[in-house]
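Numbering (full-length UniProt numbering), first residue to last: 1 to 325.
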């Protein structure tokens, strides 16, 4: 596959996304723009988010340092049963794949007690090997959560509920979050089911994605059309890419779509940081009152957040215990 840079984007299919200014004082105007973006494709950009370029650059630099470590050093922090830690190449399987994804990643979750789903003390690389790594990632995690909560308030207005609707303790007052550092090695051949990341939708409420300048992310606005049409999403300096996930699709009764997306390698190393926001593990996700009517009843049964996430992770993850034998 030929290398593709941002400068070559004019020669390929590129999706034009709405850009939501989080500093806009007119929240209802922002909500209208955001609603249209979610109706169109479920992907959009956010600007004036408050995450400094310095912090983002430092997080990416520290991420690259980790992935550059020898494999035996990375395997010392292999992902645990709570999905925290290092995940090797080929350990995640998406749709229509012969092998797993040609990417490696590192998960950072919410600190908590072991009896809480998806929570326990995080696994961190040895500070003697990567000085300052943990502090940088914790700061970035904190900032990403702040931005996602700000977006959630605009999303609430877009769904015709109060702006603080998702702020309750059972929703985003005590959220489940996963921050995932990603390194794609540049290998893809869709005709053979080989991808940097295979076609999938995200499991949770929303994803905040920071990327480098290497192209690779594609979306499919209509998964039912054959053959599927894929469009690239460009990185814009100073902006983050946001997409809604399966749980928000369920909340909205399918009005907002959790859009299929994938990553194609192009011979270049590619790095990104994805921040996944979910409600509290015991939150019951069911159709919002504003998204149903007598003629449009709920399409999805109510489900506990942790139940849904557990099933989705089990369906997509390779059993990493094979690496411990």
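For each residue, glycine too, the CB sits at the ideal point set by N, CA and C.
All figures in this text were calculated on a predicted structure; none of them were measured in a lab.
- Going by C-alpha positions, residue 265 is about 32 Å away from residue 150.
- Just so you know, the alpha carbons of residue 187 and residue 102 end up roughly 6 Å apart.
- Residue 195 and residue 294 have their C-alpha atoms some 43 Å from each other.
- In the three-state scheme derived from DSSP, where H, G and I count as helix and E and B as strand, residue 265 is classed as coil.
- Counting only the Cα atoms, residue 287 lies some 35 Å from residue 193.
- For the pair residue 262 and residue 202, the Cα-to-Cα distance works out to about 11 Å.
- Nearest in C-alpha terms to residue 280, of all of 254, 270, 309, is 309.
- Of all alpha-carbon atoms in 200, 302, 224, the one lying nearest the alpha-carbon of residue 315 is that of 200.
- For residue 183, the secondary structure class from DSSP, reduced to helix, strand or coil, is strand.
- Between residue 37 and residue 68, the CB-CB gap reaches or exceeds 8 Å.
- A distance of 8 Å or more separates the beta carbons of residue 241 and residue 107.
- Around the CB of residue 12, fewer than 16 other CB atoms lie within 10 Å, so the residue is classed as exposed.
- For the pair residue 273 and residue 86, the Cα-to-Cα distance works out to about 14 Å.
- Between residue 159 and residue 252, the C-beta gap is smaller than 8 Å, which places the two residues in contact.
- Of the candidates 90, 56, 105, 155, 105 places its Cα closest to the Cα of residue 77.
- The bridge partners DSSP lists for residue 220 are 260.
- Between residue 110 and residue 80, the CB-CB gap reaches or exceeds 8 Å.
- Counting along the chain, no alpha helix (DSSP H) covers residue 236, and no H or E run does either.
- Distances from the alpha-carbon of residue 171 to those of 224, 269, 305, 25 put 305 closest.
- Take residue 211, set aside five residues on each side of it, and the residues of its chain with a beta-carbon closer than 6 Å to its own are 235, 272, in chain order.
- Under the 10 Å beta carbon count, residue 282 is surrounded by fewer than 16 other beta carbons and is classified as exposed.
- Apart from sequence neighbours up to five positions away, the residues of its chain that approach residue 15 with a beta-carbon distance below 8 Å are 41, 43, 219, 221, 231, 232, 233, ordered along the chain.
- Within the DSSP secondary-structure output, residue 200 pairs in a beta bridge with 261.
- Beta bridge pairing from DSSP links residue 208 with 242, 275.
- Between residue 52 and residue 181, the beta carbon gap of about 18 Å keeps them out of contact (Cβ cut-off 8 Å).
- Distance from the Cα of residue 45 is smallest, within the candidate group 72, 73, 56, 33, for 33.
- Counting only runs of 4+ residues, the alpha helix (DSSP H) found wholly inside the stretch 21-94 occupies 27-40, 53-67, 71-74, in chain order.
- Between residue 22 and the set 147, 84, 127, the nearest pair of CA atoms involves 147.
- Boundaries of the beta strand (DSSP E) around residue 103: 103-109.
- By the Cβ-count criterion, residue 168 is exposed, with fewer than 16 other Cβ atoms from all chains shown falling within 10 Å of its own Cβ.
- DSSP places residue 12 in the coil class of the three-state scheme, outside both helix and strand.
- Inclusion of residue 184 and residue 270 in the CB contact set at 8 Å is warranted, their separation being smaller than that value.
- Contact between residue 207 and residue 276 holds, since their C-beta atoms are separated by about 5 Å, short of 8 Å.
- Beyond the five residues adjoining it in sequence on each side, residue 244 comes within less than 7 Å, by CB distance, of 38, 42, 206, 256, 258 in the same chain, given in chain order.
- Residue pairing by DSSP places residue 304 opposite 284 in a beta bridge.
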